[in-house]
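Written below as structure tokens is the structure these notes are about.
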Amino acid sequence: MKFFVSACALLCALSVTSAWSQNAPNGQFGVGLTLGSSYSGAQFTYAVNPNIHVGARLGFASISQGGVSQSQFGFGPFFRYLFTSSGVTPYLHAEFAYASTSTAGQSATSSALLLGGGVALAA
């Protein structure tokens with residue numbers, strides 16, 4: 001068991017080391033998963049250059065409970081600007097989010113302009 005834990009710790013350390021040696025994305029595509037909001041789903045990103053990223057989120061959810069079913073489709077194109085291209089860097093994020101929901105034959109749509117920021121680790 002000690003060997004297994006030591007091997008896992010070594011593997012994690014080597015993974016972090018290789019992540020630090022990578023270049024910031026430039027002209028590359030990325031695919032991710034966004035969870036925890038009504039706009040959860042797959043995320044597709046293209047790095048125009050190391051500082052500018054554009055992309056979109058696509059999501060679908062279907063829930064059935066107590067004889068009532070609900071389905072939701074969401075789409076959200078976004079733009080992200082990273083202030084530097086290496087190390088821990090702050091970024092600005094702008095996204096237009098659209099969602100269409102259908103519950104028991106009733107339909108509704110919603111849209112929002114999401115503005116925010118965060119911190120990213122750019123190697």
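With the first letter of the sequence shown counted as 1, position 55 gets the number 55 in our numbering; the numbers rise by one all the way through. Cβ atoms here follow ideal geometry from the backbone N, Cα and C, with glycine treated the same way.
The DSSP-derived three-state label of Gln28 is coil. If you draw a straight line from the Cα of Gly67 to the Cα of Ser102, it comes to about 14 Å. Per DSSP, reduced to three states, the secondary structure at Ser86 is coil, with no helix or strand assignment. Around the beta carbon of Pro25, 16 or more other beta carbons sit within 10 angstroms, so the residue counts as buried. Counting along the chain, Ala47 sits inside the beta strand (DSSP E) bounded by residues Gly41 to Ala47. For the 9 Å CB-CB criterion, Ala97 and Phe75 form a contact. For Gly55, the uninterrupted beta strand (DSSP E) segment begins and ends at Ile52 to Gln65.
DSSP, reduced to helix, strand and coil, places Gly76 within a strand of the structure shown. One thing to note: His93 has its Cβ no nearer than 9 Å to the Cβ of Gly59.
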